[in-house]
């Protein structure tokens, strides 16, 4: 997550809130990786707080929609993973 477009996507994703936790997916540590090509193809690897989370689809779609709205993003692919499993220690300090 080191390039300019990756940083812009990360900033935008701070607006995506986990409805159960009331915090952004970024602050919760749910976004594992953001990678972008020079052509604006963005890949996001994320997780949820629990495997089989009923909000997985909602969160994945919200992340994709918000990322797609960032200037310079042409396409977005969001991948859910559970490796490593999320744990509360991944939450950013307030």
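In the working numbering, the protein residues as written are 52 to 145. Beta carbons: idealized from backbone N, C-alpha and C, even for Gly. Just so we're clear, the structure is a prediction, and the values are computed from it rather than from any experiment.
Distance between beta carbons of residue j and residue i, contact taken as under 8 Å
i: residue 102; j: residue 83; result: Not really, about 15 Å apart at Cβ, beyond 8 Å.
i: residue 54; j: residue 91; result: Incorrect: roughly 11 Å between the Cβ atoms, too far for contact.
i: residue 117; j: residue 56; result: With a Cβ gap of about 14 Å, residue 117 and residue 56 do not count as contacting.
i: residue 80; j: residue 141; result: 3 Å
i: residue 128; j: residue 106; result: Actually they do not touch by this definition, with Cβ atoms about 20 Å apart.
Residue nearest to residue i in terms of C-alpha spacing, selected from the options
i: residue 62; options: 68, 77, 69 and 70; result: 77
i: residue 139; options: 98, 113, 120 and 111; result: 98
i: residue 130; options: 121, 112 and 144; result: 112
i: residue 110; options: 59, 126, 69 and 94; result: 69
Which complete beta strand (DSSP E) runs does the stretch 55 to 143 hold, if anything under 3 residues is left out?
82 to 87, 92 to 97 and 126 to 131
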